[in-house]
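K.L.:
Everything in the sequence shown is counted per the UniProt record's numbering, starting at 1 for the first residue and increasing by one.
What follows is a single structure, and I will ask about it in a moment.
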Amino acid sequence: MLRAGKYDQKIVFLTFGSISNGAGGYIPDTEGAEVLSTFARVMQIRQSWNIEQVQKGLPTTYRVGVQIRSGFEPAVNMVVRWKGQDYQMITSPTVEDVRMGQEWVFDITKNG
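See below:
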C-alpha cells in the first residue's frame, strides 16, 4: 500500500567516484554526484541495548522507504544524505509490495 502521507523526510542519493588529476592519476571525489533528491519515510530500527552492543558501540540504523521511480534503482554503493549528514546503505533495496511495486525499502547507517 502506498504511504504518501508518510514521506516527510527529504533525502538525497549520492554516488562518489574519482576525478582525474591531469597527470594520469585520480583524486577521490569528496562532494559526490547527486543522483536523486526525493522525500522518504525514515524510522529508527530498534536494537536491544544489552551490554555487549553498548560496549561495541554499534551505530544507529534507520529503515528508509522511497517511492519507486522508473529509471532509478538505489544501490548499496550509494550514499544517502539526510539532515545534512551522510549515511551508507547497508542492505540491498527490496520492493515493499511486489504486486503493486510502489516502494523501495533499505537500511542505512552513519558513515564512519
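Virtual Cβ for every residue (Gly too), placed ideally from N, Cα, C.
1) Residues in the same chain with beta-carbon distance under 7 angstroms from residue 20, minus the five sequence neighbours each way, listed in chain order, please.
2) To the nearest angstrom, how far is it from the Cα of residue 67 to the Cα of residue 29?
3) Return the bridge partner residues of residue 139 from the DSSP annotation.
4) Round the Cβ separation of residue 93 and residue 104 to the nearest angstrom and send it over; I've been treating them as touching at under 8 angstroms.
5) Which residues share a DSSP beta bridge with residue 40?
6) Determine the extent of the beta strand (DSSP E) in which residue 65 is found, giving its start and end residues.
7) Return the residue from the list 106, 18, 41, 76 that minimises the CA-CA distance to residue 31.
8) Would the beta-carbon of residue 40 fall within 8 angstroms of that of residue 79?
P.N.:
Considering the structure as presented:
1) For this step, residue 20 is matched to residue 20 along the sequence shown. Same-chain partners within the cutoff: 26.
2) Along the sequence shown, one-based indexing puts residue 67 at 67. Along the sequence shown, one-based indexing puts residue 29 at 29. Distance between the alpha carbons of residue 67 and residue 29: 28 angstroms.
3) Residue 139 lies beyond the stretch modelled for the chain, which goes from 1 to 112, so this question has no answer here.
4) Indexing the sequence shown from 1 puts residue 93 at position 93. Indexing the sequence shown from 1 puts residue 104 at position 104. 4 angstroms between Cβ atoms; contact.
5) By 1-based counting over the sequence shown, the position of residue 40 is 40. Residue 40 is bridged to 9.
6) Here the question's residue 65 lines up with position 65 in the sequence shown. Residue range 61-67 is occupied by the beta strand (DSSP E) that includes residue 65.
7) Working through the sequence shown from its first residue, we reach residue 31 at position 31. It is 18.
8) Within the sequence shown, residue 40 is the residue found at index 40, counting from 1. Within the sequence shown, residue 79 is the residue found at index 79, counting from 1. Result no, Cβ atoms of residue 40 and residue 79 do not sit closer than 8 angstroms.
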